[in-house]
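Chains as they are written, first to last, in this note's numbering: chain P, 1 to 1037; chain U, 1 to 326. We treat Cβ as the ideally placed atom computed from N, Cα and C, and that holds for glycine.
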């Protein structure tokens, strides 16, 4: 029993929560030992990950004085301080290195396809240079084309830069945490100086509400309590004194950390570290030392750019060689090369992708996921492991009464976020007594002036547990403050860690009852010790073996749920011994504190958010592993994990199995256990391989009592499994892991600026469930980007074929380079963005996350289907339009073959067509432009069909619905309108190479558009009919 | 990339011989490995041609080629061996279908057209002018009286051009009525009007077989592009003028450079088989040597024949240079 007791979550109203940690003297070791696993890492990172080698907490005042050359009473001298300041630099964190804006901009200018287009532009100018050198009257066409290409690059670059700048929220967060002023003793005088001026050895004074201005060794303290949550993640206030209590500098009580807040009390301390050398500073530099991983979508886009650029360059070079060997002049061959490159590069695609991502980002922002880095939008969708914090993310981050035990029975309380009433059975007289104790033995108070605020949202002055009890009783009984007034408090002993109880004595509100009521709460075993009777159904009964056992069982059960259990007892002081005027003295305790009457137990927990279990289930069905990583105690962690479903109801840990089979833990086959709860201590001992084994073998994992550095190790371990890892966090301590993760998610409300800064995404409502919506959006955008890319790539073939046939068969050029740019950057832009609005085809949350190395954005099927199926069909349709125009004007296809050299010869002004008519060069040129325009229109018409078929990859268009995505229709309208404007609006501007077109030429390609649609429906039909078949494998992209 | 696809092709040949029939095509390379490894029979597989082929070695090469890993790896990885043949078949069938489709649509399109007249002539509503002979490159004649090589080609070209107009060749043609259109919309076959070389005077080649070139009075022939159905209004004539350079005498034949209306309209190559295009000869009579002149000829006298288009320098006009040296 004794051993088990220590496992029960320690029970305290106030103070530190893990005094009963089973492992003693873990000290530094707890945080150490990480470096062994990281031997392969870069040296400076190793340095950072290795824990702090701080021993100032072990030194006494004298030794400290010697070490830092200071005087505890008089402080440093001003001159000495100035010297040290000059040596160490100011007490400020160096801001994270920012890439300069110009470099960011230039990167946009050379990234992606830009290099290819620049090459095209330069080739244009070179070609013109050569022409000009030969013939001063050379046509300026190439110069214009060069400029157009350069403009395309510059504009898309500016656009991408603007999008990125808009979405990247650059906050210099660390600087915000710097305290403004510090009260320092120098030259024996107290001075207020800017905190930046502090140096090692300074003696500073802090008081409640201050931020601690540097890492300080506490020399004297009066009830000083600090909030270390931004550093350690522990949300409880921690007391600070000058005693050396722990080997580990992070755990010992006599060190106060830079940027943490002093909640109450006062303290004097000596500065032992400043600026970047403080703990926070080191974590901050650790975060910036962790490289930002390339996002999966960036990798995908790079992969895609490489494919397209590879195709463009190789086709270009092949045809350059063909052209040269066909005796074309080199100069012309270069111009062909440019044409081929321009035709192959989807100039507008990257802009469309950026817009699609930012549209999704906007949509996610509406659902409380604020995306800082656009590419992170998709990353969340491919996430396969989520490492979630417990406090605040999975839980509500407030203590709440979860269970009650009285009358030998456990009652469950409502722990939801917005409780209006409690519905457990409140008829028992025991409850009446218990509620009175809960109400009276409580120092927490509502801050005045909140009458209209719902109870659960009211601000309370007091610690977490008392707040919970106050709100709990307020919900049930209402107006607690009034009740307390009626039961005037005559004496009180506040909680302290030696007593482990809290006691107060009240007058009763019953005018007939002159007795005083003594109420007490505290650690259940302590309270029980003081009791001789127990109240059952309102009746006091002697506390015998069986009732004590019932108490133990209840206590164990509630403790096993990871709840913090409090015991409550009372005693009516006999009127004769304690008359009205009795002078209660809390120092001498002139009143009984034993033989009390035990009333009941209440257990508190930070309850899970109500939306979380559902979200976890969704994650699970979406194939995402949710791992809980918390600094909290394993039992609490496990209990919360179970209640939210991270550990499912029927899975067991190794320990559970051992307990069930009654065998030692070592004998259990680890693979039998689905779940695992790994302690920070165990993690420390693990080798990389062992950690991998844990991550692979167990589907449900909880890491408890972990340090910030261990979080990093866990993330790295997950990434070794090729997983895309999302990490949630709020504290400064989380920032390295947030940065290391494929997608770091910071909490918007509870999160520190450092965490928000390191994260890619901020959850505005701190709610885990929002992540799930994010995942859904991320998956959708990945699917839709596939559609966008497939749509965009298709017409590249229709743009490329003309050049190839032009070179090989010598026909007049079917489509000009500028015209191609008008398709890529004109008619196709809005439709490709419109696909981002497409709804999911099936439940995307029921499939596994994509494998980042296998499920590519642009896979073989997509490329082949777009290029070799639909692309070729489109080319045929466009050529039909081309031949129609030429034939109807007099040039039959047979006449066109190998006509090119005569056609383009400016000295031939009587070129004969198939009917014996003669054409001047300009008349031919104009006909060529009509050809361009009709080819353009034919591609546009077929792109409408392409757009419609790309709405779905598997389902029929009719299943998806033609009108659900209205933006598609805007896209189609834009295609038609832009084409109409180009043809009829700019018809007379020859530089654009567009002409007005006979009405019927707009319809020539329609049969092909219909064939495209029918063919794709046929493809989808077979895919649906024969899943897994050869067809499915080769045709589904 | 190359060695690897070669390798896989090899494997493709080897496998069907050794693999049991009906193995489903595999998507991932890993599992096709497994399949290869699990194949029954001796470790020495038999190649397609029946020669022994060491499978282990093949596997090793496969692995090695995988290790070479290139960007297109997934393209090859995901395609297993039997399925690649299916793909080949599929593409044959698919492109066969596309070829048929394209041929059919082209055929349909061609059916809508007539063989005799193009559907539209809107792009050539007004004819261009060209000259014979045509200097190579830009229209600049540079003639040297003492070097016949500088003009012999031109004389040959003119002779070639005028061959069609020789009397013998026009014997069966009609002598039409001057000054009116020769309308024959409903007459088949179309008849052709005679163009008599005599009208070209000194440039006819009847008297001077060298067309004045050795004498410094070169003849240049201006012709108007044929356009089906074109009916010039008024009295079209070719008017030439010196634009730049010293004074030279320009003489046009027939008189005033007239293009007689009887040569219009033209009914197209197929119907109007022997059509003779009217020609205007221009004799440039240099007064002295070592001169250069720019000459522009235009169609005038016909409101529906344009001769002033900013972009089309040959629409109803033609400009050229002649330099004469000794």
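Label residue i either buried or exposed according to how many other C-beta atoms from any shown protein chain fall within 10 Å of its C-beta, with 16 as the threshold for buried.
i	result
residue 108 of chain P	buried
residue 325 of chain P	exposed
residue 715 of chain P	buried
residue 249 of chain U	exposed
residue 271 of chain U	buried
residue 546 of chain P	exposed
residue 155 of chain P	exposed
residue 121 of chain P	buried
residue 938 of chain P	buried
residue 570 of chain P	buried
residue 327 of chain P	exposed
residue 346 of chain P	buried
residue 396 of chain P	buried
Please check if any C-beta of chain U sits within less than 8 Å of the C-beta of residue i.
i	result
residue 1007 of chain P	yes
residue 923 of chain P	yes
residue 882 of chain P	no
residue 920 of chain P	yes
residue 258 of chain P	no
How about residue i: is its C-beta nearer than 8 Å to some C-beta of chain P?
i	result
residue 41 of chain U	Any reading at residue 41 of chain U must be qualified, since the residue scores a pLDDT of 35, below 50, and its modelled position is unreliable; the value itself is stated next. Answer no: the Cβ-Cβ gap between residue 41 of chain U and chain P never drops below 8 Å.
residue 146 of chain U	no
residue 322 of chain U	no
residue 123 of chain U	yes
residue 312 of chain U	yes
residue 142 of chain U	no
residue 83 of chain U	yes
Quick one: list the residues of chain P neighbouring residue i, beta-carbon separation under 7 Å, in chain order.
i	result
residue 120 of chain U	888, 889
For residue i, which of the options has the nearest alpha-carbon?
i	options	result
residue 922 of chain P	U:312, U:257, U:207, U:253	U:312
residue 702 of chain P	P:695, P:677, P:708, P:691	P:677
residue 393 of chain P	P:731, P:786, P:532, P:314	P:731
residue 316 of chain U	U:305, U:326, U:213	U:305
residue 1014 of chain P	P:576, P:465, P:956	P:956
residue 521 of chain P	P:475, P:792, P:495	P:495
residue 427 of chain P	P:406, P:415, P:445	P:406
residue 248 of chain P	P:55, P:237, P:924	P:55
residue 186 of chain U	U:295, U:265, U:282	U:265
residue 79 of chain P	P:202, P:93, P:164	P:202
residue 106 of chain P	P:161, P:846, P:421	P:161
residue 623 of chain P	P:900, P:212, P:878, P:386	P:386
residue 438 of chain P	P:519, P:165, P:256, P:182	P:519
Who are the neighbours of residue i on chain U, taking C-beta pairs under 7 Å?
i	result
residue 1101 of chain P	The requested residue 1101 of chain P does not occur in the structure, where chain P is confined to residues 1 to 1037.
residue 1041 of chain P	The structure shown has nothing for residue 1041 of chain P, since chain P only spans 1 to 1037.
residue 909 of chain P	128, 130, 314
residue 926 of chain P	123
Counting only Cβ pairs nearer than 8 Å, list the residues of chain P close to residue i.
i	result
residue 87 of chain U	1034
residue 102 of chain U	876, 879, 880
residue 138 of chain U	907
residue 134 of chain U	907
Name the chain U residues whose beta carbon is nearer than 8 Å to that of residue i?
i	result
residue 360 of chain P	By Cβ distance, chain U contributes nothing, its closest Cβ being about 26 Å from residue 360 of chain P, past 8 Å.
Residues within the stretch 209-229 of chain U neighbouring chain P, beta-carbon criterion of under 7 Å: Taking 7 Å as the upper bound on Cβ-Cβ separation, chain P lies near residues 225, 226, 227, 228 of the stretch 209-229 of chain U.
Residues from the stretch 239-273 of chain U in contact with chain P, defined by Cβ distance under 7 Å: 268, 269
Interface residues of the stretch 1010-1028 of chain P facing chain U [CB-CB below 8 Å]: 1011
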